[in-house]
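Chemist:
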Amino acid sequence: MLRHALRLSVVVAAASVITSASFAQLAPQRTWPELKEAVQQRADRNAYPMTGMKADDVREILGNIESLDRDEWAKAWTAMGARYAKRGDELAASDKKAAHEAYMMAFRYDAFGAWPTPNAPGKKAAYARSTDDFKKAAATSDPAIEAVTFPYDGKTVHAYLALPKGARPAPVALAIGGLDSYKEYWCERAEHFLKNGIGVLCLDMPGTGESPVKIDVGAEKMYSAAIDYLLTRKDVDGKRLAVIGASWGGYWGAILGFTEKDRIRGTVVWGGPVHSYFQRDWQSKALGTREYLFDLFAARASVYGVTSLDDFFAYGPRMSLETRGFIGKPSARMLLINGVGDTQVPIEDLYVLQRTGSPKESWVNPQGGHIGRGPGWPDGRILTDVALPWLVNLMKGEGE
Numbered sequence: 001m002l003r004h005a006l007r008l009s010v011v012v013a014a015a016s017v018i019t020s021a022s023f024a025q026l027a028p029q030r031t032w033p034e035l036k037e038a039v040q041q042r043a044d045r046n047a048y049p050m051t052g053m054k055a056d057d058v059r060e061i062l063g064n065i066e067s068l069d070r071d072e073w074a075k076a077w078t079a080m081g082a083r084y085a086k087r088g089d090e091l092a093a094s095d096k097k098a099a100h101e102a103y104m105m106a107f108r109y110d111a112f113g114a115w116p117t118p119n120a121p122g123k124k125a126a127y128a129r130s131t132d133d134f135k136k137a138a139a140t141s142d143p144a145i146e147a148v149t150f151p152y153d154g155k156t157v158h159a160y161l162a163l164p165k166g167a168r169p170a171p172v173a174l175a176i177g178g179l180d181s182y183k184e185y186w187c188e189r190a191e192h193f194l195k196n197g198i199g200v201l202c203l204d205m206p207g208t209g210e211s212p213v214k215i216d217v218g219a220e221k222m223y224s225a226a227i228d229y230l231l232t233r234k235d236v237d238g239k240r241l242a243v244i245g246a247s248w249g250g251y252w253g254a255i256l257g258f259t260e261k262d263r264i265r266g267t268v269v270w271g272g273p274v275h276s277y278f279q280r281d282w283q284s285k286a287l288g289t290r291e292y293l294f295d296l297f298a299a300r301a302s303v304y305g306v307t308s309l310d311d312f313f314a315y316g317p318r319m320s321l322e323t324r325g326f327i328g329k330p331s332a333r334m335l336l337i338n339g340v341g342d343t344q345v346p347i348e349d350l351y352v353l354q355r356t357g358s359p360k361e362s363w364v365n366p367q368g369g370h371i372g373r374g375p376g377w378p379d380g381r382i383l384t385d386v387a388l389p390w391l392v393n394l395m396k397g398e399g400e
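All residue numbers for the sequence shown refer to the numbering used here, where the first residue is 1 and numbers rise by one.
What follows is the structure in structure tokens.
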């Protein structure tokens with residue numbers, strides 16, 4: 001109780017020296033009992049960001065946490081991750097499939113120990129463990145998931161490439177991660193692409209994971225370098241490339257729809273920020289959403305490389321697609337996806353793209369929240385029933 005009281009007093013003291021609007025943004029942070037309940041509820045219904053975890057495992061983990069301390073959080077989740085990683089090591093020589101499943105479970109728990117951003121020593125260690133877990137899972141996957149690198153602006157970009165079995169060269173979708181869903185999260189879902197005959201290149205967005213750059217104007221050129229890399233591979237069909245990005249990843253997908261319209265067939269803009277998201281008025285209320293579990297400001301500020309609210313508010317507007325001059329310009333084909341009730345990215349951002357420039361297609365869930373998820377429409381179903389069928393048709397050349 002003393003720890004909670006001290007934490008609350010710090011928040012109240014900070015609030016007294018900033019505007020009341022700023023206090024409103026920070027005040028809704030869940031208490032530990034509230035967060036514990038919210039996490040377990042999502043695990044019970046297999047909802048993001050708990051997808052693929054076991055409800056009983058999560059209950060055990062949460063039972064070993066007593067506060068909002070970030071290092072305490074990381075320690076509890078990585079303890080469970082270590083259990084599954086050890087199981088994977090024990091099975092690797094005798095049962096490749098079972099080892100793969102164990103490593104994937106280890107990845108999920110270690111990665112969530114670092115969620116939503118590795119902003120404490122324990123969380124940084126948890127993230128490093130999660131990437132090790134995933135590399136082991138990739139090595140035991142079938143078809144193979146290949147860890148690849150390519151250069152960008154004198155730096156090295158790390159990615160994963162999975163190609164379907166069968167005909168070569170294969171079409172490939174660049175899958176761009178979001179604020180808290182890194183490239184490994186996309187490649188965890190590689191099987192859905194592969195069984196539809198599409199390869200996937202899984203990429204971090206700027207400011208997250210192993211990305212060598214922070215978010216800034218022009219950072220999308222890192223993905224142009226990814227296309228350059230794919231064009232060097234004889235097993236990839238350079239004339240059948242597309243992009244899919246969820247949440248913040250959708251922002252980069254939208255930009256590539258303009259900047260790379262001659263090299264990609266199309267792009268899925270899945271709940272991506274466009275214009276209103278970047279304005280102070282939206283962020284002032286969005287930072288307090290309960291749709292996000294915790295540490296939303298910390299995660300959003302980290303991708304810009306800022307720490308204060310004033311710097312955060314000042315940084316965002318220049319990233320607007322309207323400010324950058326893209327709105328209304330010709331583009332590759334786009335599928336726009338989101339939910340009317342999204343409290344993280346305004347639905348108006350979808351409409352800005354929809355009603356300007358080249359014709360676009362949309363899927364909007366009237367009862368949906370962020371990225372369109374809602375009753376009967378979890379992330380996985382939107383991917384398999386909406387986004388992937390569109391990509392398959394795009395790759396086949398239908399509708400051209």
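Glycine included, each C-beta is placed from N, C-alpha and C at the ideal position.
Cβ atoms of F278 and G305: under 8 angstroms apart, would you say?
Modeler: As a working mapping, residue 305 is identified with position 305 in the sequence shown. As a working mapping, residue 278 is identified with position 278 in the sequence shown. No, they are not a contact pair.
Chemist: Under 8 angstroms, do M395 and A242 count as touching if we go by C-beta distance?
Modeler: By 1-based counting over the sequence shown, the position of residue 395 is 395. By 1-based counting over the sequence shown, the position of residue 242 is 242. Closer than 8 angstroms, so yes.
Chemist: Between which residues of its own chain and E348 is the CB-CB distance below 6 angstroms, once the five residues before and five after are set aside?
Modeler: What you label residue 348 is simply residue 348 of the sequence shown in a count that begins at 1. If we look at E348 and ignore the five residues flanking it on each side, its Cβ neighbours are S276.
Chemist: What residue from K135, S308, G197 and D235 has the CA that sits closest to G88's CA?
Modeler: The sequence position of residue 88 within the sequence shown is 88, counting from 1. When each option's Cα is compared against that of G88, the closest is K135.
Chemist: Using only CA atoms, which one of G339, L179, G249 and G245 lies nearest to A298?
Modeler: Stepping through the sequence shown from its first residue, residue 298 is reached at position 298. The shortest C-alpha separation from A298 is found at L179.
Chemist: Please decide whether Q283 counts as near chain D, where near means a Cβ-Cβ distance under 8 angstroms.
Modeler: The structure shown has no chain D; it contains just one protein chain.
Chemist: Going by DSSP, which residues form a beta bridge with I337?
Modeler: Residue 337 sits at position 337 when you count from the first residue of the sequence shown. Bridge partners of I337: W270 and W363.
Chemist: Only counting the same chain, and skipping five residues up and downstream in sequence, which positions put a Cβ closer than 8 angstroms to that of A387?
Modeler: Translated into positions along the sequence shown, residue 387 becomes position 387. Counting only Cβ-Cβ distances below 8 angstroms, and skipping sequence neighbours, we find I244, V268, W270, L335 and I337.
Chemist: Nearest to Y251 by alpha carbon, out of R108, I327, G368 and A98?
Modeler: Taking the sequence shown and counting its residues from 1, one reaches residue 251 at position 251. Here the closest residue by C-alpha is I327.
Chemist: Apart from the five residues on each side of it in sequence, which residues of its chain come closer than 7 angstroms, Cβ to Cβ, to D204?
Modeler: To locate residue 204, count along the sequence shown from 1; it is residue 204. Excluding sequence neighbours, D204 sits near G177, Y182, K183, E210 and S211.
Chemist: By alpha-carbon positions, which one of G113, K86, V364 and A106 ends up nearest to V294?
Modeler: On the sequence shown, position 294 is the one that residue 294 refers to. Before going further, note that residue 294 is Phe rather than Val in the sequence given. Among G113, K86, V364 and A106, the Cα nearest to that of F294 is on G113.
Chemist: Can you check DSSP and say which residues form a bridge with E406?
Modeler: Missing from the structure shown is residue 406; the chain here goes from 1 to 400 and no further.
Chemist: In the DSSP assignment, find the alpha helix (DSSP H) that holds I65 and state where it starts and stops.
Modeler: Walking along the sequence shown from the start, residue 65 turns up at place 65. Counting along the chain, I65 falls outside any alpha helix (DSSP H), and DSSP gives it neither H nor E.
Chemist: Roughly how many angstroms separate the alpha carbons of G257 and R373, rounded to a whole number?
Modeler: Here residue 257 corresponds to residue number 257 of the sequence shown, with the count starting at 1. Here residue 373 corresponds to residue number 373 of the sequence shown, with the count starting at 1. Taking the straight line from one Cα to the other gives about 24 angstroms.
Chemist: Using alpha carbons as the reference points, say which of L91, K165 and W186 lies closest to R108.
Modeler: The residue given as residue 108 occupies position 108 in the sequence shown. When only C-alpha atoms are compared, the closest one is W186.
Chemist: Please state if the CB of Y152 and the CB of M222 are separated by a distance shorter than 8 angstroms.
Modeler: Here residue 222 refers to the residue found at position 222 when the sequence shown is read from its first residue. Here residue 152 refers to the residue found at position 152 when the sequence shown is read from its first residue. In contact: M222 and Y152 (Cβ atoms closer than 8 angstroms).
Chemist: Using C-beta distances below 6 angstroms, list every residue in its chain close to Y48, excluding the 5 sequence neighbours before and after it, in chain order.
Modeler: Position 48 of the sequence shown holds residue 48. Taken in chain order, the residues that qualify are D379.
Chemist: Buried or exposed, going by whether 16 or more other CB atoms sit within 10 Å of the CB of K239?
Modeler: As a first step, residue 239 is located in the sequence shown; it is residue number 239 there, counting from the start. So K239 counts as exposed.
Chemist: Considering only residues of the same chain and omitting the five flanking positions on each side of A111, which have a CB-CB separation below 6 angstroms?
Modeler: For this step, residue 111 is matched to residue 111 along the sequence shown. These residues qualify, in order along the chain: S130.
Chemist: Going straight from the alpha carbon of V213 to that of A219, what length do you get?
Modeler: Position 213 of the sequence shown, counting from 1, holds the residue named residue 213. Position 219 of the sequence shown, counting from 1, holds the residue named residue 219. V213 and A219: Cα-Cα distance of roughly 7 angstroms.
Chemist: Straight-line CA distance for N119 to A167?
Modeler: As a first step, residue 119 must be located in the sequence shown, where it is residue number 119. As a first step, residue 167 must be located in the sequence shown, where it is residue number 167. N119 and A167: Cα-Cα distance of roughly 44 angstroms.
Chemist: Considering only the beta carbon of each residue, do I145 and P171 sit closer than 8 angstroms?
Modeler: Indexing the sequence shown from 1 puts residue 145 at position 145. Indexing the sequence shown from 1 puts residue 171 at position 171. Against a cut-off of 8 angstroms, the Cβ pair of P171 and I145 comes out as no contact.
Chemist: Does the ligand NAD have a heavy atom nearer than 7 angstroms to the CB of N338?
Modeler: As presented, the structure is devoid of all ligands, the ligand NAD included, so that no description of it is given.
Chemist: Just tell me which of R45, K54, D69 and G63 has its CA closest to the CA of T31.
Modeler: In the sequence shown, the residue the question calls residue 31 occupies position 31. Selected option, being the one with the closest Cα: D69.
Chemist: Between which residues of its own chain and T307 is the CB-CB distance below 7 angstroms, once the five residues before and five after are set aside?
Modeler: Counting from one through the sequence shown, the residue named residue 307 turns up at place 307. Once the five neighbours on either side are set aside, the close Cβ partners of T307 are A301.
Chemist: State buried or exposed for K123, treating a residue as buried only when at least 16 other CB atoms are found within 10 Å of its CB.
Modeler: The sequence position of residue 123 within the sequence shown is 123, counting from 1. Looking at its Cβ environment, which holds 16 or more other Cβ atoms inside 10 Å, K123 is buried.
Chemist: Excluding sequence positions up to five away, which residues of its chain have a Cβ less than 8 angstroms from the Cβ of K155?
Modeler: The residue you call residue 155 lines up with position 155 of the sequence shown. Result list for K155: P212 and V213, in chain order.
Chemist: Nearest-angstrom Cα distance between N196 and V217?
Modeler: Stepping through the sequence shown from its first residue, residue 196 is reached at position 196. Stepping through the sequence shown from its first residue, residue 217 is reached at position 217. Their backbone Cα atoms lie some 34 angstroms apart in a straight line.
Chemist: Does DSSP put L383 in a helix, in a strand, or in coil?
Modeler: As a first step, residue 383 must be located in the sequence shown, where it is residue number 383. DSSP places L383 in helix when its eight states are reduced to three.
Chemist: Relative to the C-alpha of A332, which candidate in S247, D262 and I65 has its C-alpha closest?
Modeler: As a working mapping, residue 332 is identified with position 332 in the sequence shown. Answer by Cα proximity: D262.
Chemist: Given a threshold of 16 other Cβ atoms within 10 Å of its Cβ, counted over all protein chains shown, does E188 qualify as buried or as exposed?
Modeler: In the sequence shown, counting from the first residue as 1, residue 188 sits at position 188. Buried, by the Cβ-count rule.
Chemist: Using a 10 Å radius around the Cβ and a threshold of 16 neighbouring Cβ atoms, would you call D44 buried or exposed?
Modeler: As a first step, residue 44 must be located in the sequence shown, where it is residue number 44. Flag for D44 reads exposed.
Chemist: Looking only at its chain, what residues have a beta carbon closer than 6 angstroms to the beta carbon of S141, apart from the 5 residues adjacent to it on each side?
Modeler: Position 141 of the sequence shown, counted from the start, is the residue given in the question as residue 141. Excluding residues within five positions, the ones whose Cβ falls inside 6 angstroms are H100.
Chemist: For T356 and P206, what's the separation of their Cα atoms in angstroms?
Modeler: Taking the first residue of the sequence shown as position 1, residue 356 is located at position 356. Taking the first residue of the sequence shown as position 1, residue 206 is located at position 206. Taking the straight line joining both Cα atoms gives about 27 angstroms.
Chemist: Alpha carbon to alpha carbon, how far is S247 from P116? Give it in angstroms, no decimals.
Modeler: Here residue 116 refers to the residue found at position 116 when the sequence shown is read from its first residue. Here residue 247 refers to the residue found at position 247 when the sequence shown is read from its first residue. C-alpha separation (whole angstroms): 14 angstroms.
Chemist: If distances are taken between C-alpha atoms only, which option among A286, K54 and G376 comes closest to T343?
Modeler: As a working note, residue 343 is residue 343 in the sequence shown. For the residues A286, K54 and G376, the minimum Cα distance to T343 belongs to A286.
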